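Here is the structure we will look at.
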Amino acid sequence: MSPKQKRMLQSLQGTVPDRPPFWLMRQAGRYLPEYRDVRKNSKNFLEFCYTPDLAVEVTLQPLRRYDMDAAIMFSDILVVPDGLGQKVEFLEGEGPVLEPIRSLDGIKKLEPNRVLDHLAPVFEAIKRLSKEIPKETALIGFAGAPWTVAVYMVEGRGGTRCETILDWAKQSPDDFQVMTDLLVETTATYLAEQVKNGAEIIQLFDSWAGVLDADEFQRWSIEPTKRIVERLRDSCPGVPVIGFPRGVGKFAERFVIGTGVDGISLDQDTPLDWIAETLQPKCTVQGNLDNQVLVAGGDALDKAVIDILKALSAGPFIFNLGHGVVPETPPEHVGRVAELVKNWPESSKGIG
Ligand code: CP3
């Protein structure tokens, strides 16, 4: 590797490093026994996120085992609604529950001015991480994209079919635009502060983009993302942005063109040949191993990893999953992926 530059940054600048960089979404999490050990001491997930000692420790855990090319700061996308003053709770076995906001009045009660103060522990964790991670490792900061954060803020929980928010956005697009604008501003400010404290790359998670039709996707995912990218270009020149519009199929192409992101993270349903032909000439691509194949392991895992490397490693590419590591994943399967990617192309012999 060039001693001067991290593989992640090389890939995001459109070049091809000595081997593809890799990291995994949710690489820090419940599949790791050392994570569960730390986690069991704090009942409240948000407090855990807001304790820099703990956030730094669990961010470093996967790096110690697998030496990824990137560390993603440990936090959650729902710290933004929490910072805005909405009631957010993580219930054991149920995931996040929020007191839903469904009117202009509800939006007006939010307090964008308290976000940076409230999220100071996140910036502190980033500052420490940027000193503690190995010098070849890139530090990723992140936020939820406005649409996905709004889904939780309006629906009150994940796992719905987004009927309430889709209905609101259809019936009162001007009101929903107010909410989107507030999230664009807040998210851009929050991300710029992450960069100021040491984040070198930003990823925007739009996990619920897949429920939008073409026009809605343009207005509620592409436009807000584009505005955040523009704001970051101004406030943090040279910091690459990766977008993750999950579940959007071939709309990924208009996302790349319309938002100006440097990289796009693709889910496991996006065909490799289409990614290579259509997206990779336009931007860096990241993905897209099926997280269930990672759970299964064995020959199926080897073949899936090598298929991805064969299809995408000739161009700007970052190896990742199509969605986050799930808690039932055996840690040694992640080790196998690390081995295959780090030893590419030798590792392909006899596989696939
Ligand atoms: O990737 C990483 O390692 C960094 C940490 C990270 C977490 N959440 C930690 C977490 C990141 C990047 C996220 C993003 C996030 N959070 C998204 C976008 C990506 C995606 O998965 O679609 C979303 C939608 C959320 C909201 C969220 N947070 C849900 C739905 C849940 C519950 C589901 C579950 O797995 O329990 C969380 C909780 C959460 N965030 C956990 C972790 C490690 C598990 C909580 C625990 O330890 O008890």
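As numbered in numbering that gives the first Met the number 0, the sequence shown has no gaps in its residue numbers, which increase by one up to the final residue, 351. All C-beta atoms in this analysis are idealised placements derived from N, C-alpha and C, irrespective of residue type, glycine included. Every value quoted in this text rests on a predicted model; they were computed, and no experiment measured them.
Contact check for Ile317 against Gly259 fails: the beta carbons are separated by 8 Å or more. Not a single heavy atom of the ligand CP3 lies less than 7 Å from the C-beta of Gly82.
With a cutoff of 8 Å on beta-carbon distance, Gly140 and Ala208 are scored as not near each other.
It is roughly 31 Å from the alpha-carbon of Asp66 to the alpha-carbon of Thr188. Taking every protein chain shown into account, the CB of Pro61 has 16 or more other CB atoms within 10 angstroms, so this residue is buried.
Look at the beta carbons and you see the segment 80 to 88 touching the segment 147 to 161: at least three pairs across the two are nearer than 8 Å.
Following the DSSP letters along the chain, one finds Val183 inside the alpha helix (DSSP H) bounded by residues Pro172 to Lys195. The alpha-carbon separation between Gly248 and Gly143 amounts to approximately 19 Å.
Counting C-beta atoms within 10 angstroms of its own C-beta, Lys3 has fewer than 16 neighbours from the protein chains shown and is therefore classed as exposed. For Asp205, the enclosing beta strand (DSSP E) covers residues Ile200 to Asp205.
In summary, Lys134 is exposed, with fewer than 16 beta-carbon neighbours lying within 10 Å of its beta-carbon over all protein chains present.
Setting aside the 5 residues that flank it on each side, Lys225 is surrounded in the same chain by Gly257, Thr258 and Gly259, each with a C-beta closer than 8 Å to its C-beta; the list follows chain order. Of all alpha-carbon atoms in Lys281, Ser312, Pro280 and Asp298, the one lying nearest the alpha-carbon of Asn287 is that of Ser312. Here the alpha carbon of Ile71 sits roughly 18 Å from the alpha carbon of Arg35. Note on the segment 193 to 278: whole alpha helix (DSSP H) runs with a minimum of 4 residues are 222 to 234 and 251 to 258, in chain order.
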